[in-house]
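Take 86 as the starting number for the sequence shown in the working numbering and just add one per residue. One structure is given here, and the rest of the page talks about it.
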Amino acid sequence: MLGTLRRCVEHPMDERLPLVDTVPTLLLRGERDPIAPRRWLERAAARIPNAVVGEVPLAGHNAVTTAGAAVAALAQGSGTSCRAASSALAPPPAEPAS
(Lines of atoms letter the chains of each structure in order from A and count residues from 1; the text may use other names and numbers.)
(Lines give C-alpha, C1' and ligand atoms only; values in the text may rest on other atoms or scores of the structure.)
Protein backbone atom coordinates (compact mmCIF):
# COMPACT_ATOMS: atom_id res chain seq x y z
CA MET A 1 0.00 0.00 0.00
CA LEU A 2 2.82 2.42 0.78
CA GLY A 3 4.30 1.76 -2.66
CA THR A 4 1.00 2.72 -4.30
CA LEU A 5 0.75 5.85 -2.17
CA ARG A 6 4.32 6.82 -3.08
CA ARG A 7 3.58 6.42 -6.82
CA CYS A 8 0.42 8.54 -6.47
CA VAL A 9 2.27 11.32 -4.69
CA GLU A 10 5.20 11.25 -7.12
CA HIS A 11 3.01 11.13 -10.26
CA PRO A 12 3.46 14.41 -12.22
CA MET A 13 -0.25 14.84 -12.84
CA ASP A 14 -0.11 18.62 -13.28
CA GLU A 15 2.31 18.14 -16.16
CA ARG A 16 0.11 15.52 -17.80
CA LEU A 17 -3.28 17.27 -17.56
CA PRO A 18 -2.88 19.31 -20.77
CA LEU A 19 -2.31 16.03 -22.64
CA VAL A 20 -6.01 15.26 -22.24
CA ASP A 21 -6.43 17.86 -25.03
CA THR A 22 -9.94 18.23 -26.49
CA VAL A 23 -11.70 15.25 -24.94
CA PRO A 24 -14.69 16.42 -22.87
CA THR A 25 -13.60 15.74 -19.29
CA LEU A 26 -15.60 15.57 -16.07
CA LEU A 27 -13.53 15.86 -12.90
CA LEU A 28 -15.74 14.46 -10.19
CA ARG A 29 -15.65 14.71 -6.43
CA GLY A 30 -17.99 14.08 -3.55
CA GLU A 31 -19.22 17.14 -1.69
CA ARG A 32 -17.72 15.74 1.54
CA ASP A 33 -14.47 14.53 -0.02
CA PRO A 34 -11.57 15.32 2.35
CA ILE A 35 -8.97 14.03 -0.14
CA ALA A 36 -9.81 15.97 -3.32
CA PRO A 37 -10.82 19.53 -2.41
CA ARG A 38 -12.98 21.38 -4.94
CA ARG A 39 -10.31 24.08 -5.30
CA TRP A 40 -7.79 21.42 -6.40
CA LEU A 41 -10.19 20.02 -9.03
CA GLU A 42 -10.94 23.53 -10.31
CA ARG A 43 -7.20 24.16 -10.77
CA ALA A 44 -6.87 20.83 -12.59
CA ALA A 45 -9.87 21.62 -14.81
CA ALA A 46 -8.28 24.93 -15.76
CA ARG A 47 -5.36 22.98 -17.24
CA ILE A 48 -7.56 20.68 -19.35
CA PRO A 49 -9.33 22.13 -22.38
CA ASN A 50 -13.04 21.31 -22.30
CA ALA A 51 -13.09 20.18 -18.65
CA VAL A 52 -15.71 20.78 -15.98
CA VAL A 53 -15.91 19.94 -12.29
CA GLY A 54 -18.87 17.98 -10.96
CA GLU A 55 -19.72 17.52 -7.32
CA VAL A 56 -21.90 14.75 -5.93
CA PRO A 57 -23.97 16.05 -3.01
CA LEU A 58 -23.64 14.21 0.30
CA ALA A 59 -20.89 11.91 -1.05
CA GLY A 60 -17.33 11.41 0.13
CA HIS A 61 -14.17 10.50 -1.78
CA ASN A 62 -15.53 7.22 -3.12
CA ALA A 63 -18.61 8.73 -4.79
CA VAL A 64 -18.35 6.44 -7.82
CA THR A 65 -19.10 3.39 -5.69
CA THR A 66 -21.34 4.94 -3.03
CA ALA A 67 -23.52 7.27 -5.12
CA GLY A 68 -23.78 5.57 -8.49
CA ALA A 69 -27.07 7.15 -9.59
CA ALA A 70 -25.85 10.67 -8.87
CA VAL A 71 -22.52 10.02 -10.60
CA ALA A 72 -24.31 8.60 -13.65
CA ALA A 73 -26.60 11.62 -13.84
CA LEU A 74 -23.63 13.97 -13.79
CA ALA A 75 -21.64 11.90 -16.27
CA GLN A 76 -24.47 11.64 -18.77
CA GLY A 77 -24.63 15.39 -19.05
CA SER A 78 -28.29 15.08 -19.89
CA GLY A 79 -29.20 18.35 -18.24
CA THR A 80 -29.71 16.62 -14.91
CA SER A 81 -28.48 19.01 -12.26
CA CYS A 82 -26.67 18.17 -9.06
CA ARG A 83 -29.94 18.94 -7.27
CA ALA A 84 -31.67 16.16 -9.23
CA ALA A 85 -28.72 13.88 -8.55
CA SER A 86 -28.99 14.74 -4.88
CA SER A 87 -32.60 13.59 -4.86
CA ALA A 88 -31.39 10.20 -6.07
CA LEU A 89 -29.37 9.96 -2.83
CA ALA A 90 -32.17 11.05 -0.54
CA PRO A 91 -33.99 8.38 1.43
CA PRO A 92 -37.46 7.48 0.17
CA PRO A 93 -40.34 9.41 1.74
CA ALA A 94 -41.89 7.90 4.83
CA GLU A 95 -44.96 5.74 4.35
CA PRO A 96 -48.16 7.38 5.62
CA ALA A 97 -49.42 5.90 8.86
CA SER A 98 -52.42 3.63 8.41
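Ideal placement from N, C-alpha and C gives every residue a C-beta, glycine not left out.
| Asked | Found |
| --- | --- |
| Relative to the C-alpha of Q161, which candidate in T151, V137, T89 has its C-alpha closest? | V137 |
| Just reading off the beta strand (DSSP E) that E140 is part of, what are its end residues? | 136 to 141 |
| Mind checking which residues open and close the alpha helix (DSSP H) that includes R123? | 123 to 131 |
| Which class does R117 belong to by DSSP, given the choice of helix, strand or coil? | coil |
| In whole angstroms, what separates the C-alpha of E140 from that of L112? | 8 angstroms |
| Are the Cβ atoms of A144 and T150 separated by less than 7 angstroms? | no |
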